[in-house]
Structures are given as structure tokens and as C-alpha cells.
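Residues in the sequence shown are numbered from 416 upward in steps of one, following my numbering. In this text, a Cβ means the ideal position worked out from N, Cα and C, and glycines have one as well. Contents: one structure, followed by commentary.
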Amino acid sequence: MNDITSPVAIRPEATADYGPVRKLNKKAFKGNSESKLVDALREADDFIPALSLVAEKDGVVVGHILFSPVKIKDQAGETPALALAPMAVLPEFQGQGIGAALVKRGLAEAGRAGHKIVVVVGHPEYYPRFGFVKAGEKGLKLPFEAQDEVFMALELVPGALAGVHGEVVYPRAFHEVT
Ligand SMILES: CC(C)(COP(=O)(O)OP(=O)(O)OC[C@H]1O[C@@H](n2cnc3c(N)ncnc32)[C@H](O)[C@@H]1OP(=O)(O)O)[C@@H](O)C(=O)NCCC(=O)NCCS
416 MNDITSPVAI RPEATADYGP VRKLNKKAFK GNSESKLVDA LREADDFIPA LSLVAEKDGV
476 VVGHILFSPV KIKDQAGETP ALALAPMAVL PEFQGQGIGA ALVKRGLAEA GRAGHKIVVV
536 VGHPEYYPRF GFVKAGEKGL KLPFEAQDEV FMALELVPGA LAGVHGEVVY PRAFHEVT
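Dropping the structure here:
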């Protein structure tokens with residue numbers, strides 16, 4: 416069922432959602448890497464269940480977003496941040512604002528929990544609408560090769576990136592799975 420008028424609920428993922436989330440990531444990304452990444456990130460000691468959100472419509476899990484703790488590290492020290500990854504909406508439900516609802520709710524929850532910085536590697540046409548800017552221009556670096564425009568950062572607290580430079584240190588799962 417895909418009634419665009421029926422409401423979408425955004426809520427924290429429950430264990431019963433793990434299967435549907437696995438399936439939707441496989442469908443949206445047309446492969447297994449992201450579903451394996453989500454499974455691996457859930458096993459991490461610093462996994463934040465409140466920042467693994469699902470979108471539910473007519474009782475079906477149609478979207479998912481995950482934010483995981485990372486560090487921005489240079490010789491001077493390290494700054495905590497969150498990485499938005501991955502996010503997915505079932506293909507037949509895309510383009511209805513469900514992705515936007517997941518991002519907005521996720522950013523709001525992250526801000527409420529006291530997080531200050533979010534980074535993402537993703538579509539450069541999509542994330543700027545939520546306030547993400549090019550992370551390279553803020554002095555941030557990735558530990559892997561990527562085009563400049565796909566690496567973006569957002570300040571949840573104005574000025575949070577001031578004086579913060581260095582490389583993003585991702586959880587081990589990002590290197591092992593993707
Ligand atoms: C990206 C994704 C999560 C967006 O979810 P959604 O519910 O369709 O998003 P919304 O309805 O809020 O927004 C739709 C917008 O996303 C844009 N978008 C979707 N896929 C995109 C892509 N591959 N590249 C660029 N923009 C994309 C659409 O063009 C549309 O833009 P518009 O509003 O200017 O027309 C969804 O398309 C998806 O699951 N894609 C496959 C997995 C993926 O790429 N995940 C993101 C990794 S960074």
C-alpha cells in the first residue's frame with residue numbers, strides 16, 4: 416500500500432524492526448553493504464539506540480536513518496561528532512518527504528541529546544537543504560578518498576565547528592563492512 420495521504424510516524428527503532436530495516440536497506444541500496452553496516456553498528460559499544468530511527472507508514476517500516484558517534488581528530492586533540500549513515504527509504508516511498516522527515520527528526524533528537532556536529536558522506540544535492548555545508552571548507556578530512564562535495568558537515572550548535580580541524584575517525588564497522 417502506498418497512500419501518500421496516510422501519515423508517517425518517525426520513531427526510534429525497536430528490535431522487531433531489525434528485519435524490516437535490513438530489507439529496506441538492501442532494496443534502497445540494491446546490495447547488502449549498508450544493511451550489514453547497520454547490523455555491525457548496532458553491535459558497537461557506543462551505539463545510540465535513540466538515534467536509529469524508522470519511518471512507519473500504515474504499519475510498514477518504509478525508512479531508516481542512523482547516526483553514530485565519530486571523532487574529529489588532529490594533533491591538538493579530538494572533538495566528538497555524529498556521522499549520519501546510512502539512510503534509506505523504500506524505493507516505492509521515495510520522493511514523498513520521508514527522507515527529509517527522518518533527517519529533521521534525527522537532527523532534532525541529536526541536538527536535544529547534546530550533540531553539536533554531524534558529518535555525512537552523501538548526495539551533495541540533498542543534504543544542503545538541511546543546513547549541511549562542505550566539510551572540507553571547514554577544515555575536516557575523510558580517512559578515505561571521496562569527492563569534495565559529497566563530504567558535508569552541520570553545526571547543531573552555531574559555531575561548533577569553529578577551530579575544529581582534522582580527520583573524521585569512523586567506527587571500525589565502516590572500514591570492515593563497506
Ligand atoms: C536518499 C533517500 C534516502 C531520500 O529519501 P526520500 O524519502 O526520497 O527523500 P525526500 O522525499 O525527502 O526528498 C527527495 C529528494 O531527494 C533527492 N534524491 C533522492 N535520491 C537522490 C540521489 N541519488 N542523488 C541526489 N538526490 C537524490 C530527490 O531528487 C529529491 O529531491 P527534490 O526534493 O529536490 O526533488 C532515498 O532516495 C534513498 O533511499 N535512496 C537510496 C539510498 C541512498 O542513496 N541513501 C542515501 C545515501 S547518502
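| said: One question on the structure: do residue 569 and residue 533 come within less than 7 Å of each other, judged by their Cβ atoms? | reply: Working through the sequence shown from its first residue, we reach residue 569 at position 154. Working through the sequence shown from its first residue, we reach residue 533 at position 118. Result yes, Cβ atoms of residue 569 and residue 533 sit closer than 7 Å.
| Any contact of the segment 453 to 472 with the segment 552 to 565, i.e. 3+ C-beta pairs under 8 Å? | The segment 453 to 472 and the segment 552 to 565 do not touch, with fewer than 3 CB-CB distances between them shorter than 8 Å.
| said: Counting C-beta neighbours from all protein chains within 10 Å, is the total for residue 419 16 or more, i.e. buried, or is it exposed? | reply: Looking up residue 419 in the sequence shown gives position 4. Exposed: under 16 other Cβ atoms inside 10 Å.
| message | Considering only DSSP beta bridges, list what residue 467 is partnered with. | response | For the purposes of this step, residue 467 is taken as residue 52 along the sequence shown, with counting starting at 1. According to DSSP, residue 467 bridges with 481.
| request: May I ask you to check if the CB of residue 541 is nearer than 6 Å to at least one heavy atom of ligand 1? | output: If you number the sequence shown from 1, residue 541 lands on position 126. Because some heavy atom of ligand 1 lies under 6 Å away, the Cβ of residue 541 counts as near it: yes.
| task | Give the range of the alpha helix (DSSP H) segment to which residue 588 is assigned. | result | As a working note, residue 588 is residue 173 in the sequence shown. Here the alpha helix (DSSP H) through residue 588 covers 587 to 592.
| query | Which parts of the segment 486 to 556 are runs of the alpha helix (DSSP H), unbroken and 4 residues or longer, counting only runs that do not cross its ends? | reply | 513 to 527
| said: Under 6 Å: does the beta carbon of residue 533 sit that close to some heavy atom of ligand 1? | reply: Taking the sequence shown and counting its residues from 1, the one referred to as residue 533 is at position 118. False, no ligand heavy atom lies under 6 Å from that Cβ.
| query | Whose CA, out of 571, 543, 447 and 521, lies closest to the CA of residue 466? | reply | Here residue 466 refers to the residue found at position 51 when the sequence shown is read from its first residue. Closest option to residue 466, Cα to Cα, is 521.
| query | Is the segment 515 to 529 in contact with the segment 494 to 502, if contact means three or more CB pairs nearer than 8 Å? | reply | yes
| query | residue 509: beta carbon under 6 Å from a heavy atom of ligand 1? | reply | The residue given as residue 509 occupies position 94 in the sequence shown. Yes; taking the cut-off as 6 Å, the Cβ of residue 509 has a heavy atom of ligand 1 nearer than that.
| query | How long is the line joining the alpha carbons of residue 583 and residue 489, rounded to whole angstroms? | reply | Walking along the sequence shown from the start, residue 583 turns up at place 168. Walking along the sequence shown from the start, residue 489 turns up at place 74. One C-alpha to the other measures close to 9 Å.
| request: State the Cα-Cα distance for the pair residue 434 and residue 479, rounded to the nearest angstrom. | output: As a working mapping, residue 434 is identified with position 19 in the sequence shown. As a working mapping, residue 479 is identified with position 64 in the sequence shown. Our two residues, residue 434 and residue 479, have alpha carbons roughly 12 Å apart in a direct line.
| Within 10 angstroms of its Cβ, does residue 422 collect 16 or more other Cβ (buried), or is it exposed? | The residue you call residue 422 lines up with position 7 of the sequence shown. Exposed is the call here.
| field | residue 427 in three-state terms, based on DSSP | value | On the sequence shown, residue 427 is found 12 positions in, with the first residue counted as 1. In the structure shown, residue 427 sits in a strand (DSSP, three-state: E or B).
| field | Whether residue 530 touches residue 481 by CB criterion (7 Å) | value | Taking the first residue of the sequence shown as position 1, residue 530 is located at position 115. Taking the first residue of the sequence shown as position 1, residue 481 is located at position 66. Cβ distance not < 7 Å, so residue 530 and residue 481 don't count as in contact.
| Going by the CB atoms, is the gap between residue 505 and residue 468 shorter than 7 Å? | For the purposes of this step, residue 468 is taken as residue 53 along the sequence shown, with counting starting at 1. For the purposes of this step, residue 505 is taken as residue 90 along the sequence shown, with counting starting at 1. In this structure, residue 505 does not lie closer than 7 Å to residue 468 by Cβ.
| task | Determine the contact status of residue 542 and residue 502, defining contact as a CB-CB distance below 7 Å. | result | Translated into the one-based positions of the sequence shown, residue 542 becomes position 127. Translated into the one-based positions of the sequence shown, residue 502 becomes position 87. Cβ atoms of residue 542 and residue 502: not closer than 7 Å.
| query | Based on the DSSP secondary-structure assignment, which residues constitute the bridge partners of residue 570? | reply | Here residue 570 refers to the residue found at position 155 when the sequence shown is read from its first residue. In the DSSP output, where bridge partners are listed per residue, residue 570 has 532.
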